[in-house]
Amino acid sequence: MNDNAPEQPAQGLTPGGSAAIARSGNAPAGVPVMDVDPFSDAFLTDPYPDHERMREAGPVFWIPKYAIYASARHEQVRAILNDHATYISSAGVGLADFNKETPFRPRSLILEADPPDHTRARSVLARILSPRTVMQVRATFAAEAETLLDRLVEKARSEGEIDAVKDLSEVYPLKVFPDAVGLESEGREMLLLYGNMIFNAFGPRNELLVRAAEKVKPLTQWIMDHCKREMLRPGGFGDMIYQAADAGEISLDEAPLLVRSFLSAGVDTTVNGIGNALLCLAQHPEQYARLRADPSLARPAFEEALRYESAVQTFFRTTSVDASLSGITIPAGSKVLTFLAAANRDPRQWPDPERFDIERRPSGHMAFGSGIHGCVGQVVARLEGELILAGIAKRVKSLSLAGKPTRRLNNTLRALASLPLKLETA
Ligand code: PQP
Numbered sequence: 003m004n005d006n007a008p009e010q011p012a013q014g015l016t017p018g019g020s021a022a023i024a025r026s027g028n029a030p031a032g033v034p035v036m037d038v039d040p041f042s043d044a045f046l047t048d049p050y051p052d053h054e055r056m057r058e059a060g061p062v063f064w065i066p067k068y069a070i071y072a073s074a075r076h077e078q079v080r081a082i083l084n085d086h087a088t089y090i091s092s093a094g095v096g097l098a099d100f101n102k103e104t105p106f107r108p109r110s111l112i113l114e115a116d117p118p119d120h121t122r123a124r125s126v127l128a129r130i131l132s133p134r135t136v137m138q139v140r141a142t143f144a145a146e147a148e149t150l151l152d153r154l155v156e157k158a159r160s161e162g163e164i165d166a167v168k169d170l171s172e173v174y175p176l177k178v179f180p181d182a183v184g185l186e187s188e189g190r191e192m193l194l195l196y197g198n199m200i201f202n203a204f205g206p207r208n209e210l211l212v213r214a215a216e217k218v219k220p221l222t223q224w225i226m227d228h229c230k231r232e233m234l235r236p237g238g239f240g241d242m243i244y245q246a247a248d249a250g251e252i253s254l255d256e257a258p259l260l261v262r263s264f265l266s267a268g269v270d271t272t273v274n275g276i277g278n279a280l281l282c283l284a285q286h287p288e289q290y291a292r293l294r295a296d297p298s299l300a301r302p303a304f305e306e307a308l309r310y311e312s313a314v315q316t317f318f319r320t321t322s323v324d325a326s327l328s329g330i331t332i333p334a335g336s337k338v339l340t341f342l343a344a345a346n347r348d349p350r351q352w353p354d355p356e357r358f359d360i361e362r363r364p365s366g367h368m369a370f371g372s373g374i375h376g377c378v379g380q381v382v383a384r385l386e387g388e389l390i391l392a393g394i395a396k397r398v399k400s401l402s403l404a405g406k407p408t409r410r411l412n413n414t415l416r417a418l419a420s421l422p423l424k425l426e427t428a
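Start counting at 1 in the sequence shown, then tack on 2, and there's your number in our numbering.
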């Protein structure tokens with residue numbers, strides 16, 4: 003029996019579903035069992051009480067609903083992510099096991115790869131997204147933040163409030179990152195729908211994924227068209243991938259797939275990183291007051307928001323061999339779910355983890371992952387977060403909720419649909 007088996011196959015998509023049917027839900031002996039569905043609406047709406055139960059259950063536990071191993075503690079999540087030979091990515095970093103079923107799209111050359119394939123792709127992207135290269139877009143990113151925030155303050159003055167999601171956290175990443183990649187302006191909103199689909203597809207084939215996937219065909223076509231060299235502004239991040247192909251670092255047919263990684267990963271992540279940070283600050287006025295008094299806290303404040311409300315909540319790995327973790331044997335070929343966001347509030351790692359404290363300097367948080375797959379875009383992500391928070395701190399005396407924020411539930415992302423804010427301006 004499998005209550006996760008959908009009645010109808012989702013069009014053009016099979017992640018999660020068939021794998022869940024094939025797996026047995028029998029708990030392995032000696033492993034704590036957690037009867038949770040980390041992809042249910044209730045869990046995704048407020049994951050934190052369940053995170054605590056999971057951390058307390060043990061260093062590693064079993065989730066019968068999906069027949070997977072999982073960890074919610076910092077030490078084990080970090081250990082898993084840092085042992086890429088045992089816990090591989092090439093079988094997919096979602097629930098679907100690529101060794102048992104075909105990925106719903108050609109697999110990513112960086113996210114869903116192991117060394118040595120991963121190493122080549124990674125070194126190209128790491129150079130393009132390095133502190134050195136990103137420094138060259140800083141002035142442009144800063145100017146765009148200023149322009150947008152000036153407009154926003156005007157809007158807040160005339161209308162009394164803003165929606166920090168529709169007016170800010172979606173607008174800014176959708177402008178600066180695709181500009182840096184060298185993508186045309188027309189049709190960019192597609193990236194939000196595509197991101198929503200991609201991050202849902204790391205979970206099971208539940209309602210969230212089926213609904214996101216209904217729109218997938220036209221999206222996929224648009225994305226693949228815009229990965230072509232002639233669609234990308236010369237000198238942008240996208241074109242730089244083709245230059246790496248010219249230099250023989252990757253092949254010419256790998257280039258569009260690496261551009262696809264930019265388009266998959268570069269918007270919905272920072273949209274929610276920024277949205278979550280603004281929510282944290284609105285909910286903790288005393289913390290906003292400290293940022294307001296010292297805008298140089300923008301960067302550490304963004305970092306603490308990543309720890310406290312991690313935009314990317316989970317990732318899977320798959321064991322390549324029988325693994326042993328904190329005394330528990332995980333057989334080869336098992337899916338292992340890492341709860342990044344739960345590790346980020348593990349009291350074994352963080353003093354007073356439930357406290358949002360912008361001066362904490364939470365180094366070692368798992369919001370960007372860890373190890374060889376640790377976020378290659380983190381320099382860009384931090385830049386965007388810092389510029390928005392610093393720009394707000396300069397203009398806004400205080401922020402407060404003007405209504406109840408609403409969530410956009412996603413199998414992987416902690417995402418907001420709306421965030422009504424009142425801005426008291428100078
Ligand atoms: C969190 C790569 C990275 C980035 C891809 C891909 C998709 C998503 C992400 C997740 N990602 N930050 O398709 O290569």
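Even for Gly, the Cβ is constructed at its ideal location relative to N, Cα and C.
DSSP three-state assignment for Ala29, whether helix, strand or coil: The residue you call residue 29 lines up with position 27 of the sequence shown. Ala29: coil per DSSP, three-state reduction.
Any non-hydrogen atom of ligand 1 within 6 angstroms of Ala279 CB: The residue given as residue 279 occupies position 277 in the sequence shown. No, the Cβ of Ala279 stays beyond 6 angstroms of every heavy atom of ligand 1.
Please find out if some non-hydrogen atom of ligand 1 comes closer than 6 angstroms to the beta-carbon of Ser266. Start at 1 with the first residue of the sequence shown, and residue 266 comes out as number 264. For ligand 1, at least one heavy atom lies less than 6 angstroms from the Cβ of Ser266.
Assign Leu154 to buried or exposed, taking buried as 16 or more other Cβ atoms, counted over all protein chains shown, within 10 Å of its Cβ. Here the question's residue 154 lines up with position 152 in the sequence shown. Leu154 should be labelled buried.
Where does Ser263 sit, in a helix, a strand or coil, going by DSSP? Locating residue 263 in the sequence shown gives position 261, where the first residue counts as 1. Three-state DSSP puts Ser263 in a helix.
Best match in Phe45, Pro61, Asp39, Met56 for proximity to Ile330 [C-alpha to C-alpha]: Walking along the sequence shown from the start, residue 330 turns up at place 328. Minimum Cα distance to Ile330 is reached at Pro61.
For a test of the three-state rule: what should DSSP assign to Ser328, helix, strand or coil? As a first step, residue 328 is located in the sequence shown; it is residue number 326 there, counting from the start. Coil at Ser328, not helix or strand.
In terms of residues, what are the limits of the beta strand (DSSP E) holding Leu339? In the sequence shown, residue 339 corresponds to position 337, counting from 1. Residues 337 to 341.
Classify Ala123 as buried or exposed, calling it buried when 16 or more other Cβ atoms lie within 10 Å of its own Cβ. Taking the sequence shown and counting its residues from 1, one reaches residue 123 at position 121. The residue in question, Ala123, is buried, as its Cβ has 16 or more Cβ neighbours within 10 Å.
I'd like the list of long-range same chain contacts for Arg384, defined as Cβ closer than 7 angstroms, with 5 residues on each side in sequence excluded. The sequence position of residue 384 within the sequence shown is 382, counting from 1. Contacts found: Arg301, Phe304.
In its own chain, which residues sit with a C-beta less than 7 angstroms from the C-beta of Gln78, not counting the 5 before and 5 after it? As a position in the sequence shown, residue 78 is number 76, starting the count at 1. Excluding positions up to five away in sequence, the list reads Pro61, Val62, Leu327, Ser328.
Closest residue to Leu234 among Val183, Tyr68, Ser402 (Cα-Cα distance): Taking the sequence shown and counting its residues from 1, the one referred to as residue 234 is at position 232. The candidate whose alpha carbon is nearest that of Leu234 is Val183.
Just how far apart, CA to CA, sit Arg213 and Ala203? By 1-based counting over the sequence shown, the position of residue 213 is 211. By 1-based counting over the sequence shown, the position of residue 203 is 201. Taking the straight line joining both Cα atoms gives about 11 angstroms.
Tell me the rounded alpha-carbon separation between Leu421 and Val167. For this step, residue 421 is matched to residue 419 along the sequence shown. For this step, residue 167 is matched to residue 165 along the sequence shown. Answer to the nearest angstrom: the Cα atoms are 6 angstroms apart.
Buried or exposed: where does Val323 fall if 16 or more other Cβ atoms within 10 Å of its Cβ makes it buried? Along the sequence shown, one-based indexing puts residue 323 at 321. So Val323 ends up on the exposed side.
According to the neighbour-count rule (16 or more other Cβ atoms, all chains shown, within 10 Å of its Cβ), is Arg363 buried or exposed? Here the question's residue 363 lines up with position 361 in the sequence shown. Classification for Arg363: exposed.
Run the proximity test for Ser92: is its beta-carbon closer than 6 angstroms to any non-hydrogen atom belonging to ligand 1? Position 90 of the sequence shown, counting from 1, holds the residue named residue 92. Answer for Ser92: no, Cβ out of range of ligand 1.
Any heavy atom of ligand 1 inside 6 angstroms of the beta-carbon of Val314? Sequence index remark: in the sequence shown, residue 314 carries index 312 (1-based). Under cutoff, so the answer is yes.
heavy atom of ligand 1 below 6 angstroms from Ile112 C-beta: Against the sequence shown, residue 112 aligns to sequence position 110. Yes, since a heavy atom of ligand 1 falls inside the 6 angstroms radius drawn around the Cβ of Ile112.
May I ask you to report which of helix, strand or coil DSSP gives Glu251? On the sequence shown, residue 251 is found 249 positions in, with the first residue counted as 1. Coil.
Would you mind sorting Asp296 into buried or exposed? The rule is 16 or more other CB atoms within 10 Å of its CB. Sequence index remark: in the sequence shown, residue 296 carries index 294 (1-based). Exposed: under 16 other Cβ atoms inside 10 Å.
For Pro333, which residues in the same chain have their Cβ closer than 6 angstroms to its Cβ, ignoring the five residues on either side in sequence? Within the sequence shown, numbered from 1, the residue matching residue 333 stands at position 331. Closer than 6 angstroms at the Cβ level, and outside the excluded window around Pro333, lie Asp324.
DSSP three-state call for Glu426: helix, strand or coil? Counting from 1 along the sequence shown, the entry for residue 426 is found at position 424. In the three-state scheme derived from DSSP, where H, G and I count as helix and E and B as strand, Glu426 is classed as strand.
Determine the burial state of Leu254: buried for a count of at least 16 other Cβ atoms within 10 Å of its Cβ, exposed for fewer. Position 252 of the sequence shown, counted from the start, is the residue given in the question as residue 254. The residue in question, Leu254, is exposed, as its Cβ has fewer than 16 Cβ neighbours within 10 Å.
Are the CB atoms of Gly205 and Leu97 nearer to each other than 7 angstroms? Residue mapping note: residue 205 aligns to position 203 of the sequence shown, counting from 1. Residue mapping note: residue 97 aligns to position 95 of the sequence shown, counting from 1. Yes. Within cutoff.
Where does Thr199 land, buried or exposed, given buried means 16+ other C-beta within 10 angstroms? For the purposes of this step, residue 199 is identified with residue 197 of the sequence shown, where counting begins at 1. Here residue 199 turns out to be Met, not Thr, going by the sequence shown. Per the 10 Å Cβ criterion, buried.
Taking the alpha carbon of Ser92 as the reference point, which residue from Ala29, Pro117, Ala145 has its own alpha carbon closest? Working through the sequence shown from its first residue, we reach residue 92 at position 90. Selected option, being the one with the closest Cα: Pro117.
Going by DSSP, what residue range makes up the beta strand (DSSP E) through Tyr71? Numbered from its first residue, the sequence shown carries residue 71 at position 69. First-last of the beta strand (DSSP E) with Tyr71: 70 to 73.
Which value, in whole angstroms, describes the spacing of the CA atoms of Val35 and Arg57? As a working mapping, residue 35 is identified with position 33 in the sequence shown. As a working mapping, residue 57 is identified with position 55 in the sequence shown. Each residue's alpha carbon lies about 12 angstroms from the other.
Start-to-end residues for the alpha helix (DSSP H) that takes in Val126: Taking the first residue of the sequence shown as position 1, residue 126 is located at position 124. Element bounds for Val126: 119 to 130.
Assuming the contact rule is C-beta atoms closer than 8 angstroms, Glu163 and Lys424 should be a hit. Round their C-beta distance to whole Å, please. Along the sequence shown, one-based indexing puts residue 163 at 161. Along the sequence shown, one-based indexing puts residue 424 at 422. Right, their Cβ atoms sit about 5 angstroms apart.
Check Ala417 in the structure and name its three-state DSSP category. Within the sequence shown, the letter at position 415 stands for residue 417. In the structure shown, Ala417 sits in a strand (DSSP, three-state: E or B).
Using 6 angstroms as the cut-off, classify the Cβ of Thr222 as near or not near the heavy atoms of ligand 2, replying yes or no. Ligand 2 is absent from the structure shown, which contains only ligand 1.
What residue range does the beta strand (DSSP E) around Ile65 cover? Here residue 65 refers to the residue found at position 63 of the sequence shown. Start and end: 63 to 65.
Near ligand 1: Thr104 beta-carbon under 6 angstroms from a heavy atom: Sequence index remark: in the sequence shown, residue 104 carries index 102 (1-based). Every heavy atom of ligand 1 is 6 angstroms or more from the Cβ of Thr104, so no.
Cβ-based burial, Lys399 [other Cβ within 10 Å; buried from 16]: Reading the sequence shown from its first residue, position 397 is the one you call residue 399. Lys399 comes out exposed.
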